[in-house]
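Everything below concerns the one structure shown next.
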Amino acid sequence: MPGKEIPERCMNCREAQPAFILRSRHVCQDCYIRFVKYKPFKRTENYRLRRNMPQDGPCKLLLPLSYGLSSTVMLHMLHEQVETMRLKPHGPKGYELLVLTIDPSTINPSIPPHDEAFSLAEKRFPHCSFTTVPFHSIFDYDPSISEVMSLYAHAKFEDQTSLSNQERLEAFRSSITSATSKADVDNILINRLIVAFAKKMECRGIVWGDSDSKLAAKTLANVAKGRGSAVTWQVCDGISPSGLEYNFPLRDLFTVELRNYASFIPELSDLIIPHQAVSENTLTKNLSIDELMVRYVLTQGEKYPGVMLNVTRTASKLQSPSASPAEQQCSLCGALMFKTNATSPQATGQHSDSLSSQICYACARSRPDLSC
Numbered sequence: 223m224p225g226k227e228i229p230e231r232c233m234n235c236r237e238a239q240p241a242f243i244l245r246s247r248h249v250c251q252d253c254y255i256r257f258v259k260y261k262p263f264k265r266t267e268n269y270r271l272r273r274n275m276p277q278d279g280p281c282k283l284l285l286p287l288s289y290g291l292s293s294t295v296m297l298h299m300l301h302e303q304v305e306t307m308r309l310k311p312h313g314p315k316g317y318e319l320l321v322l323t324i325d326p327s328t329i330n331p332s333i334p335p336h337d338e339a340f341s342l343a344e345k346r347f348p349h350c351s352f353t354t355v356p357f358h359s360i361f362d363y364d365p366s367i368s369e370v371m372s373l374y375a376h377a378k379f380e381d382q383t384s385l386s387n388q389e390r391l392e393a394f395r396s397s398i399t400s401a402t403s404k405a406d407v408d409n410i411l412i413n414r415l416i417v418a419f420a421k422k423m424e425c426r427g428i429v430w431g432d433s434d435s436k437l438a439a440k441t442l443a444n445v446a447k448g449r450g451s452a453v454t455w456q457v458c459d460g461i462s463p464s465g466l467e468y469n470f471p472l473r474d475l476f477t478v479e480l481r482n483y484a485s486f487i488p489e490l491s492d493l494i495i496p497h498q499a500v501s502e503n504t505l506t507k508n509l510s511i512d513e514l515m516v517r518y519v520l521t522q523g524e525k526y527p528g529v530m531l532n533v534t535r536t537a538s539k540l541q542s543p544s545a546s547p548a549e550q551q552c553s554l555c556g557a558l559m560f561k562t563n564a565t566s567p568q569a570t571g572q573h574s575d576s577l578s579s580q581i582c583y584a585c586a587r588s589r590p591d592l593s594c
């Protein structure tokens, strides 16, 4: 059976010679770039035009930058938007872009500080405001976390305030033994630090650099960990329980598409920290649920990208129950704790200890005394 004939001209512009296959269409490099850039362009339109927002005063957005592929590509795209808006003296005021980096070496000692990349980013994206903080600065930006950690950790854990913030955080993280719980709590603490910084800087919202593939992995992992009720705001655009708007401009793009885009932009090559894939020899029991889902999506997503796209599209259709102003939030992750008439501890999130009424069921299951 003869194969499909490759067209001599790009299927979009009908001018240049096709060089890539983009969602079953043979396109040239320029059309590929145009397609990828258009997706986040449309998803940030409300901020650029200030729709349903005050036209005067600043509109600040925070971009958490990990120097991974997705967040670095998004920084490049959004900086172009800010630059274009500044060149239009009579155009809409648009938004200000603040960039926050949590020093990766303070999260994982095996990762270098990446100080050189931070300096390069400041030079290459002059219309953004850059800040880098260590992971343990969460004690400074979110003082309430100290009490939450003490209540949440194992009974043998004691938060010694005489130690440095770095030592205190390391002691808390070391008290958690399960790989899944470690990754889960780290994600929660990172999110709390980002949210606390955004509030201090009076940002309207946070733009997250998660591709469709990353959101699919996060959706599956959250459901597996018992955080299904948080999917509606952890992977979808809208108001989060923190009161900040969450936006995912790259949600319609696959990781492979962002990787191709980055290869077209030479100045991104020395900024991006390559993803450290988990070794195939690593035992499954030593992997967290988050790592397992990322591995699954990366391998299966390349074969069946439409399936992964359906995961995030289905999640975006979900609606969380309407919450009253007095609705309690989990002391650790911030998720809303909706009341239910169910009587089982699993359904109600009620536990026998003093923290039962303060944390959600998912956080309770990741506690050190239950995650061993």
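Position 80 of the sequence shown, counted from 1, bears residue number 302 in our numbering, the numbering being contiguous throughout. Just so you know, even glycine gets a beta-carbon here, dropped at the ideal spot from N, CA and C. Quantities reported herein were computed from a predicted structural model and do not represent experimental measurements.
Environment of Tyr317 [buried if 16+ CB atoms lie within 10 Å] = buried
ask   = On the three-pair Cβ rule with 8 Å, is the segment 488–495 touching the segment 283–291?
value = yes
query = Closest by CA to His358, which one among Thr328, Phe347, Phe340?
reply = Thr328
query = Shortest alpha-carbon distance to Met307 belongs to which of His349, Ala339, Gln456?
reply = His349
ask   = Do Ala439 and Met515 come within 8 Å of each other at the CB atom, strictly closer than that value?
value = yes
message = Can you list, in chain order, the residues of its chain with a C-beta nearer than 7 Å to that of Asp434? Leave out the 5 residues immediately preceding and following it.
response = Arg473, Asp474, Leu475, Phe476, Met530, Leu531, Thr534
query = Does the segment 394–413 come close enough to the segment 263–271 that 3 or more CB-CB pairs lie under 8 Å?
reply = no
Sub-8 Å separation of Pro471 and Met296 beta-carbons = yes
ask   = Going by beta carbon distance, what residues of the same chain come within less than 7 Å of Leu342, once the five residues before and after it are set aside?
value = Asp492, Leu493
query = Would you call Gln456 buried or exposed, if buried means 16 or more other Cβ atoms sit within 10 Å of its Cβ?
reply = buried
Delimiting residues of the alpha helix (DSSP H) encompassing Asn444 = 434–446
Residues near Leu554 by beta carbon distance below 7 Å, same chain, minus five either side = Val370, Tyr374, Ile410, Ile581, Cys585
key: Short Cβ contact (8 Å threshold) for Leu320 with Leu284   = yes
request  = If I'm right that Lys315 touches Gln277 with Cβ under 8 Å, what's the distance once you round it to whole angstroms?
outcome  = 7 Å
inquiry  = Just list the residues that DSSP pairs Arg247 with in beta bridges.
reply    = Leu244
request  = Could you pull the start and end residues of the alpha helix (DSSP H) that Val528 belongs to?
outcome  = A small fix is needed here, since residue 528 is Gly in this sequence, not Val. That run of the alpha helix (DSSP H) goes 527–538.
inquiry  = To the nearest angstrom, how far is the alpha carbon of Val445 from that of Glu237?
reply    = 46 Å
key: Pick from Gln522, Ala452, Asp459, Ala484 that is closest to Gln551, judged by C-alpha positions   = Ala452
ask   = For Leu490 versus Thr294, is the C-beta distance shorter than 8 Å?
value = yes
message = To the nearest angstrom, how far is the alpha carbon of Arg346 from that of Leu442?
response = 36 Å
ask   = For Thr310, does the three-state DSSP call read helix, strand or coil?
value = First, the residue type needs correcting, since residue 310 is Lys and not Thr in the sequence shown. Residue state, collapsed to three classes: coil.
Spatially closest choice to Ile487 from Gly431, Leu244, Thr399, Val258, by CA coordinates = Val258
request  = Note down, in chain order, each residue of its chain lying with its Cβ closer than 6 Å to the Cβ of Phe379, except the 5 sequence neighbours on either side.
outcome  = Ser397
inquiry  = The alpha helix (DSSP H) that contains Phe352, what's its start and end?
reply    = Phe352 -> not in any alpha helix (DSSP H); beta strand (DSSP E) instead, spanning 350–355.
message = Let me see if you follow: with CB-CB separation under 8 Å, is Tyr289 close to chain D or not?
response = Any reference to chain D falls outside this structure, which holds one protein chain only.
key: Start-to-end residues for the beta strand (DSSP E) that takes in Val429   = 427–429
ask   = So, using beta-carbon positions, are Asp381 and Ser368 closer together than 8 Å?
value = yes
query = Does DSSP put Val304 in a helix, in a strand, or in coil?
reply = helix
key: Beta-carbon proximity of Leu415 to Tyr483, cut-off 8 Å   = no
inquiry  = So, with DSSP's three-state summary, where would you put Thr399?
reply    = coil
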